[in-house]
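K.L.:
In this note's numbering, the protein residues as written are 2 to 244. We put the beta carbon where it would ideally sit given N, CA and C, even for glycine.
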Ligand SMILES: NC(=O)c1ccc[n+]([C@@H]2O[C@H](COP(=O)([O-])OP(=O)(O)OC[C@H]3O[C@@H](n4cnc5c(N)ncnc54)[C@H](OP(=O)(O)O)[C@@H]3O)[C@@H](O)[C@H]2O)c1
């Protein structure tokens, strides 16, 4: 199950998971984009199903989990990747509405996913969950304060869930994602031309990642190749914070 599968990192992960033989449930709000991706995956010989929905609503997430179990027998892995950012205005200039939107999609969204996915995984004997955090989950990157707080919370939920369910066969990890060229980033760069220089200044690799570079790490964490990794925040960030 991949949330935020209609574009960017989620779409790249869905394509790669399908290529590696996984049957994939795609969730996001834009139904047309999900349908197109299902078609593309099926044409390439893969298996996918679309569930349009909003991660802020537990019932929508529940439908996606039920669809996974009904269509494909069980839920082995989940990439909880849907997210929303606001630009890095000063904290006191950010509206309550923007605060709520960012916390709801990024934190309640992951919360809703965990609450519905974990029972399905327990019933199936275990699984692997990967939550999309950000370098903003570890440091104040210059992104808006609610986004920094939300991604820190995603890492907190990741650690708590990993600790609670580790002995019951569920691994839970987060990805600390660095600047990646997706719709989200394109809109940020459009609104603040040149902002990428600020993002790159903290990194060793001073460029945007391609979404496929993040997807490969997500797919590794979803599968058994990462069997001794849990509770971790895995950096895929071009070396942010190392120098
Ligand atoms: N790009 C970066 O530089 C960067 C850096 C660090 C972390 N991240 C994180 O990476 C993740 C993916 O973002 P992206 O860069 O790939 O951006 P993106 O292309 O804008 O993708 C965001 C995805 O989230 C979905 N989404 C947003 N709100 C949703 C909601 N309420 N319910 C369901 N789905 C929702 C969007 O689909 P719909 O609009 O169809 O709902 C879309 O599929 C996010 O968590 C983001 O915070 C990105």
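1. Taking Cβ to Cβ, would you say residue 130 is nearer than 7 angstroms to residue 79?
2. Could you name the residues of the same chain whose beta carbon sits closer than 6 angstroms to that of residue 142, not counting the 5 residues immediately before and after it, in chain order?
3. Keeping to the same chain, check which residues put their C-beta closer than 8 angstroms to that of residue 174; ignore five residues upstream and five downstream.
4. Could you pull out every residue in the same chain whose Cβ sits closer than 7 angstroms to the Cβ of residue 206, ignoring the five residues on either side in sequence?
5. With 16 other CB atoms within 10 Å as the buried threshold, where does residue 51 fall?
6. Output the boundary residues of the beta strand (DSSP E) element that contains residue 80.
7. Name the residue from 59, 214, 41 and 197 whose alpha carbon lies nearest to the alpha carbon of residue 108.
8. Comparing the CB of residue 16 with every heavy atom of ligand 1, is any distance shorter than 6 angstroms?
9. To which residues does DSSP link residue 147 through a beta bridge?
10. Using alpha carbons as the reference points, say which of 62, 126 and 199 lies closest to residue 167.
11. I need the straight-line Cα distance from residue 90 to residue 147, nearest angstrom please.
12. For residue 130, which beta-bridge partners are listed by DSSP?
13. How close, in whole Å, do the beta carbons of residue 39 and residue 49 come, if the pair is a contact with beta carbons under 8 angstroms?
14. Can you tell me whether residue 193 is buried or exposed, with buried defined as 16 or more other CB within 10 angstroms of its CB?
15. So which of 151, 202 and 20 has the shortest CA-CA distance to residue 42?
16. Check for me: the alpha helix (DSSP H) holding residue 115 runs from which residue to which?
P.N.:
Taking the geometry as given:
1. Yes, they are a contact pair.
2. Here the set comprises 136.
3. Taken in chain order, the residues that qualify are 129, 130, 131, 132, 159, 163, 222, 227, 230, 231, 232, 233, 234 and 235.
4. Shown here for residue 206: same chain residues with a beta carbon closer than 7 angstroms to its own, the five before and five after excluded, namely 239 and 240 in chain order.
5. Taking all protein chains shown into account, residue 51 has 16 or more neighbouring C-beta atoms within 10 Å of its C-beta and is therefore buried.
6. Taken as a continuous stretch (DSSP letters only), the beta strand (DSSP E) holding residue 80 covers 78-81.
7. Looking only at 59, 214, 41 and 197, the smallest Cα-Cα distance to residue 108 is reached by 59.
8. No - ligand 1 has no heavy atom lying nearer than 6 angstroms to the Cβ of residue 16.
9. Note: residue 147 sits in no beta bridge, so no partner.
10. Of the residues 62, 126 and 199, the one whose Cα lies closest to the Cα of residue 167 is 126.
11. Going by C-alpha positions, residue 90 is about 10 angstroms away from residue 147.
12. Answer by DSSP bridge pairing, in chain order: 79 and 173.
13. Yes, they are in contact, since the Cβ atoms of residue 39 and residue 49 sit about 5 angstroms apart, within 8 angstroms.
14. Its Cβ having fewer than 16 others within 10 Å, residue 193 is exposed.
15. In this structure, 20 is the residue among 151, 202 and 20 with its C-alpha nearest to the C-alpha of residue 42.
16. Element bounds for residue 115: 110-125.
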